[in-house]
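Below is one structure, written out as C-alpha cells; the observations come after it.
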Amino acid sequence: MNIALIAHDKKKKQMINFTKKYKDILSKHNLCATGTTGRLINEETNLDIERFLSGPLGGDQQIGSKIACDKIDLVIFLRDPLTAQPHEPDIIALMRLCDVHSVPIATNISTAEILLNALHREEVTNWREIKDRY
Ligand SMILES: O=C(CO)COP(=O)(O)O
Numbered sequence: 001m002n003i004a005l006i007a008h009d010k011k012k013k014q015m016i017n018f019t020k021k022y023k024d025i026l027s028k029h030n031l032c033a034t035g036t037t038g039r040l041i042n043e044e045t046n047l048d049i050e051r052f053l054s055g056p057l058g059g060d061q062q063i064g065s066k067i068a069c070d071k072i073d074l075v076i077f078l079r080d081p082l083t084a085q086p087h088e089p090d091i092i093a094l095m096r097l098c099d100v101h102s103v104p105i106a107t108n109i110s111t112a113e114i115l116l117n118a119l120h121r122e123e124v125t126n127w128r129e130i131k132d133r134y
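Dropping the structure here:
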C-alpha cells in the first residue's frame, strides 16, 4: 500500500509518536510525506520515506497529484485546525481529491489510529472494490 503522511507543525510531535508506535506496520508499506514531516519521521524512526516539497512550497499539491493519479491508498494528515496556514487552498485541494477518488484519509489522531488498525487487519486493502459497490 502507498501511504502519505503529513502533519502541520503543531501536530508533528503527535505524528512522530504515532509513527514510532506503528513503525512495524508502516515499515511494510511504501511511505511518502511532505518535506519536513518526512524528514522528522525518518530521523526519529529510521523509516524509509519518499519526501516531497514542504507543504507551503507545494508538497500538498505533489501528494494531491499522486492521489489524482490513483497512486495513494491511504492518507494520514494530522491537521492543525487552530492555526491559519498560508497554503490553505492546497490543503483543501488535497482533501477534496481524497473525496473525489474515495481515498481513505484521517485528519486527526483518533481516525489515524482506527485506520492503521484497520490496515493491520488487512481491512483497507479492498477499499477500491468497496467504493464501486455504492
Ligand atoms: O504544511 C504541511 C501540510 O499542509 C506540511 O508540510 P511539512 O511537512 O513540510 O511541514
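Under UniProt numbering, the first residue of the sequence shown carries the number 1, and numbering increases by one thereafter. Glycine included, C-beta positions come from ideal geometry on N, C-alpha and C.
- Along the length of the UniProt domain "MGS-like" (1-134), whole beta strand (DSSP E) runs at least 3 residues long occupy 2-7, 30-33, 74-78, reported in chain order.
- Short of 8 Å from the beta carbon of isoleucine 49, and not among the five residues preceding or following it, lie these beta carbons of its own chain, in chain order: Leu5, Leu31, Cys32, Ala33, Gly38, Ile41, Asn42.
- For the set Tyr22, Asn17, Leu57, His29, the Cα lying nearest the Cα of threonine 36 is the one of Leu57.
- By the neighbour-count definition (other C-beta atoms within 10 Å, threshold 16), aspartate 132 is an exposed residue.
- Here the distance from the Cβ of isoleucine 6 to the nearest heavy atom of ligand 1 is below 7 Å.
- Three or more beta-carbon pairs separated by less than 8 Å are not found between the segment 115-124 and the segment 84-101, which leaves the two stretches without contact.
- Of Ile63, Ser110, Ile109, Glu123, the smallest CA-CA separation from arginine 96 is found for Ile63.
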